[in-house]
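Visitor: Note that this note's numbering gives residue 97 to position 70 of the first sequence, counting from 1, and the numbers run on in steps of one. A virtual CB, placed ideally from N, CA and C, is assigned to each residue, including glycine. Have a look at the structure that comes next, please.
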Amino acid sequence: MPISLAFPLPHIQIVLYNRFMNYLEETLKIAKNRDTKAAKKVQMLLRDKISLNDNTVINPHFIMGVDLAYDKDMAFVSIVLWDNIKEEIVSVFNDKGKVVFPYIPGFLSFREFPIFYQLYEKLTFEPDVIIFDGHGYAHPRRMGLATHAGILLDIPTIGCAKSKLVGTYDVPENEENAYSELHHKNEIIGYVLRTRKNVKPIFISPGNHISFGQSLKLIISLKRKTKLPVVMQMAHRTCEAYKRSFLAIERRK
DNA sequence: GCGACAG
DNA sequence: ATCTTGTCGC
Ligand SMILES: [Mg+2]
28 MPISLAFPLP HIQIVLYNRF MNYLEETLKI AKNRDTKAAK KVQMLLRDKI
78 SLNDNTVINP HFIMGVDLAY DKDMAFVSIV LWDNIKEEIV SVFNDKGKVV
128 FPYIPGFLSF REFPIFYQLY EKLTFEPDVI IFDGHGYAHP RRMGLATHAG
178 ILLDIPTIGC AKSKLVGTYD VPENEENAYS ELHHKNEIIG YVLRTRKNVK
228 PIFISPGNHI SFGQSLKLII SLKRKTKLPV VMQMAHRTCE AYKRSFLAIE
278 RRK
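So, in structure tokens, the structure goes:
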């Protein structure tokens with residue numbers, strides 16, 4: 028919590044941030060205050076904490092898929108847990124809350140992380156990796172939703188987006204699993220992956236605590252019948268259904 | 001100033 | 001993201 032210092036002059040007040048306030052609290056506060064200037068500062072600050080050299084997600088057991096849905100000022104979130112050994116969804120969690128931050132390209136984490144975390148913090152276990160519907164490293168300041176969340180939670184994360192935010196790339200060949208590199212400012216920031224023939228490719232980028240190669244490999248391994256990884260497809264469907272059920276109940280009141 | 005622009 | 005029925009193509 029901020030420390031408010033009331034000075035002798037009543038109209039002068041300085042708000043100091045406790046040096047122990049962690050970045051998670053900082054992020055949630057910035058979102059609530061809709062402070063885009065502070066949001067950009069945090070992104071530039073946390074950028075140095077990104078780690079993509081980790082090699083601990085070679086064979087993950089539990090994988091989480093996250094997605095949100097909206098209706099006016101209400102946000103709905105679904106977390107789907109995929110058992111990568113049983114090859115099936117083993118748990119589904121839903122929650123809802125008020126939208127705290129508007130959608131601004133480049134600042135999606137401040138809109139979606141708060142509502143996601145509200146549900147995530149209630150869980151009593153941690154998955155081996157979390158996949159988000161959006162970019163990770165493939166961000167103007169390398170701080171997409173997946174990366175931001177991966178830093179705050181200190182857990183391996185991957186960004187799985189349906190369209191580009193930044194960067195240039197060659198359109199991948201029109202065949203299953205064809206992919207190309209996504210570049211930005213002279214560095215690779217992710218991959219453009221065509222999961223099926225004749226479908227629009229998706230954008231994969233590491234979030235945090237995972238390498239580029241492992242991110243791409245895991246996403247490809249999660250391909251089933253749909254364009255999106257099975258866990259992301261399920262998260263999307265689940266969240267949409269959850270929202271509809273809620274709205275249905277509301278309408279008959 | 002203009003165009004791009006995750007969900 | 002959301003608004004929405006039928007329709008074209010692999
Ligand atoms: Mg989404």
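1) For ligand 1, is there a heavy atom less than 8 Å away from the beta-carbon of residue 160?
2) Taking the runs of the beta strand (DSSP E) that are 3 residues or longer, which of them lie wholly in the stretch 83-164?
3) If I measure Cβ to Cβ from residue 131 and keep anything under 6 Å in the same chain, skipping five residues before and after, which residues do I get?
4) Answer with buried or exposed for residue 41, where buried requires no fewer than 16 other C-beta atoms within 10 angstroms of its C-beta.
5) How long is the line joining the alpha carbons of residue 157 and residue 106, rounded to whole angstroms?
6) Using 8 Å as the cut-off, can you tell me whether the stretch 72-85 makes contact with the stretch 161-181, which would need three or more C-beta pairs spanning the two stretches below that distance?
7) On the three-state DSSP scale, how would you describe residue 263?
8) Who are the Cβ neighbours of residue 121 in its own chain at under 6 Å, not counting the five residues just before and after it?
9) Quick check: does the Cβ of residue 175 come within less than 8 Å of any heavy atom belonging to ligand 1?
10) Assuming the contact rule is C-beta atoms closer than 8 Å, residue 199 and residue 220 should be a hit. Round their C-beta distance to whole Å, please.
11) Confirm, please, whether the CB-CB distance from residue 111 to residue 85 is below 9 Å.
12) Quick check on the DSSP output: the alpha helix (DSSP H) that includes residue 52 runs from which residue to which?
13) Near residue 205, what residues of its chain come up, given a Cβ to Cβ distance below 7 Å and the 5 sequence neighbours on each side ignored?
14) Just confirm the distance between the C-beta atoms of residue 143 and residue 186, as a whole number of angstroms; I'd bet it's less than 8 Å.
15) In this structure, how does DSSP classify residue 253 when only helix, strand and coil are distinguished?
16) In the DSSP assignment, find the beta strand (DSSP E) that holds residue 242 and state where it starts and stops.
17) Check each candidate in 211, 65, 236 and 201 and name the one with the smallest Cα separation from residue 194.
18) I'd like the ranges of any alpha helix (DSSP H) spanning at least 4 consecutive residues and lying wholly in the stretch 177-251.
19) Beta-carbon within less than 7 Å of residue 153's beta-carbon, same chain only, minus the 5 sequence neighbours each way: which residues are those?
20) Determine the contact status of residue 251 and residue 260, defining contact as a CB-CB distance below 9 Å.
21) Does ligand 1 have a heavy atom nearer than 8 Å to the CB of residue 94?
22) Is the beta carbon of residue 263 within less than 8 Å of some heavy atom of ligand 1?
23) For residue 118, which residues of its own chain have a beta-carbon under 7 Å away from its beta-carbon, when the five flanking residues on both sides are left out?
24) How far does the alpha helix (DSSP H) with residue 73 in it extend, from its first residue to its last?
25) One question on the structure: do residue 55 and residue 178 come within less than 9 Å of each other, judged by their Cβ atoms?
26) Out of curiosity, what's the CA-to-CA distance linking residue 229 and residue 93?
Guide: The answer reads as follows:
1) Under cutoff, so the answer is yes.
2) Under the rule that a run must span 3 or more residues, the beta strand (DSSP E) segments found entirely inside the stretch 83-164 read 89-98, 101-110, 115-125 and 156-159.
3) Nothing meets the Cβ criterion.
4) Its pLDDT being 41, under 50, residue 41 is placed unreliably by the model, and the measurement read from it follows with that caveat. So residue 41 counts as exposed.
5) Roughly 9 Å separates the two Cα atoms.
6) Three or more pairs of CB atoms, one per stretch, sit closer than 8 Å, so the stretch 72-85 contacts the stretch 161-181.
7) In the structure shown, residue 263 sits in a helix (DSSP, three-state: H, G or I).
8) 105 and 269, listed in sequence order.
9) Distances from the CB of residue 175 to the heavy atoms of ligand 1 are all 8 Å or more.
10) That belief holds up - the Cβ atoms of residue 199 and residue 220 are roughly 7 Å apart, short of 8 Å.
11) Against a cut-off of 9 Å, the Cβ pair of residue 111 and residue 85 comes out as no contact.
12) Segment 50-60, the alpha helix (DSSP H) holding residue 52.
13) The answer, listed in chain order, is 199 and 221.
14) Between residue 186 and residue 143 the Cβ distance is about 14 Å, and since that is not below 8 Å, they are no contact.
15) DSSP places residue 253 in coil when its eight states are reduced to three.
16) Premise fails: residue 242 lies in the alpha helix (DSSP H), 239-248, not in any beta strand (DSSP E).
17) Nearest C-alpha to residue 194: 211.
18) Fully enclosed alpha helix (DSSP H) runs of 4 or longer: 239-248.
19) Non-local C-beta neighbours of residue 153 in its own chain, meaning closer than 7 Å and more than five positions away in sequence, comprise 182, ordered along the chain.
20) Contact: yes.
21) It does: the Cβ of residue 94 is within 8 Å (strictly closer) of some heavy atom of ligand 1.
22) Within the cutoff, so yes.
23) Excluding residues within five positions, the ones whose Cβ falls inside 7 Å are 108.
24) Element bounds for residue 73: 63-73.
25) The answer is no: Cβ separation not under 9 Å.
26) Per the coordinates, the alpha-carbon of residue 229 lies some 16 Å from the alpha-carbon of residue 93.
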